[in-house]
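Chains as they are written, first to last, in the numbering used here: chain G, 1 to 95; chain Z, 101 to 195. Cβ atoms here follow ideal geometry from the backbone N, Cα and C, with glycine treated the same way.
2 protein chains.
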Amino acid sequence: MKQQAVFKAMADPTRRAILKRLQGGALSAGEIGAAFDMTAASLSHHFSVLKQADLVRTERQGQFIVYSLNSTVLEDLARMLFDMFPGKPGAGPKA
Amino acid sequence: MKQQAVFKAMADPTRRAILKRLQGGALSAGEIGAAFDMTAASLSHHFSVLKQADLVRTERQGQFIVYSLNSTVLEDLARMLFDMFPGKPGAGPKA
DNA sequence: GCAATATTTAGATACTTGTCTAAATATCTG
DNA sequence: CAGATATTTAGACAAGTATCTAAATATTGC
Numbered sequence: 001m002k003q004q005a006v007f008k009a010m011a012d013p014t015r016r017a018i019l020k021r022l023q024g025g026a027l028s029a030g031e032i033g034a035a036f037d038m039t040a041a042s043l044s045h046h047f048s049v050l051k052q053a054d055l056v057r058t059e060r061q062g063q064f065i066v067y068s069l070n071s072t073v074l075e076d077l078a079r080m081l082f083d084m085f086p087g088k089p090g091a092g093p094k095a
Numbered sequence: 101m102k103q104q105a106v107f108k109a110m111a112d113p114t115r116r117a118i119l120k121r122l123q124g125g126a127l128s129a130g131e132i133g134a135a136f137d138m139t140a141a142s143l144s145h146h147f148s149v150l151k152q153a154d155l156v157r158t159e160r161q162g163q164f165i166v167y168s169l170n171s172t173v174l175e176d177l178a179r180m181l182f183d184m185f186p187g188k189p190g191a192g193p194k195a
């Protein structure tokens with residue numbers, strides 16, 4: 001997991017909203033974009049950032065490009081955060 | 101949890117390193133800064149961002165200002181991420 | 001109160017980034 | 001192939017941010 005890329009990707013609210021939309025299943029760029037008041041070009045930029053962080057995967061289906069969530073990276077990120085705080089039994093320093 | 105502030109705070113590598121240093125226990129600004137090749141002013145800016153996100157707490161101890169980790173926010177963030185991905189038994193859509 | 005130490009604030013600068021418009025690329029259909 | 005639709009790329013611009021130096025504020029100890 002490219003930590004820096006992932007955190008940077010997650011830092012933008014539009015991108016988090018995109019990921020949220022993808023929880024319901026894979027969607028084409030256009031289907032995702034329908035929910036946002038933003039040009040397709042801007043959305044495409046956000047897709048690119050999410051792809052760099054490996055948070056989404058793409059697959060062409062005819063004229064559409066379909067995006068899907070790569071939950072592995074989200075999972076890794078969550079684990080990393082859990083490991084980051086103390087007070088966890090057996091991990092962080094307690095005193 | 102102010103999600104946006106937290107994600108923004110986590111997006112900078114210096115700030116993540118600061119949080120990491122604090123896992124070992126509370127430290128003064130100067131003690132934290134000793135590990136970074138950066139002016140105290142720059143560090144102070146990062147502290148400010150971390151405070152805004154409520155990721156750290158401060159307490160004055162004489163001439164020092166002591167920073168400590170607020171693990172609650174990290175925990176909340178981790179939970180939020182876990183909730184964000186599907187495939188979790190009982191939460192995300194599976195198909 | 002003064003000098004020394006610790007930290008923050010103010011102001012400046014360079015870099016990054018989110019957004020836009022316009023143009024390019026890819027696919028489908030007649 | 002030509003036109004329509006879907007998406008990305010290129011280039012520009014405004015806003016945000018990480019960093020610095022210099023100065024301000026707070027505390028301690030003489």
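8 angstroms contact criterion, which residue i and residue j should meet: CB distance rounded
i        : j        : result
Ala141/Z : Ala105/Z : About 21 angstroms separates the two Cβ atoms, so there is no contact after all.
Val149/Z : Ala109/Z : 5 angstroms
Ala126/Z : Leu143/Z : About 16 angstroms separates the two Cβ atoms, so there is no contact after all.
Leu181/Z : Leu55/G  : About 11 angstroms separates the two Cβ atoms, so there is no contact after all.
Ala11/G  : Ala117/Z : Incorrect: roughly 17 angstroms between the Cβ atoms, too far for contact.
Straight-line gap, residue i to residue j (C-alpha atoms, nearest Å)
i        : j        : result
Pro193/Z : Gly24/G  : Any reading at Pro193/Z is ruled out, since the residue's pLDDT is 40, under 50, leaving its predicted position unreliable.
Leu169/Z : Glu159/Z : 12 angstroms
Ala135/Z : Leu77/G  : 25 angstroms
Arg115/Z : Gln103/Z : 16 angstroms
Thr72/G  : Gly62/G  : 27 angstroms
Pro13/G  : Glu131/Z : 34 angstroms
Pro186/Z : Phe164/Z : 46 angstroms
Secondary structure of residue i, DSSP reduced to three states
i        : result
Thr72/G  : helix
Arg121/Z : helix
Lys2/G   : coil
Outcome for residue i when other beta-carbon atoms lying within 10 angstroms are tallied against a minimum of 16
i        : result
Gly133/Z : buried
Phe7/G   : buried
Met38/G  : exposed
Phe47/G  : buried
Within the stretch 132-186 of chain Z, ranges of the beta strand (DSSP E) (whole runs, at least 3 residues):
As far as the stretch 132-186 of chain Z is concerned, its whole beta strand (DSSP E) runs of at least 3 residues are 156-161 and 164-169.
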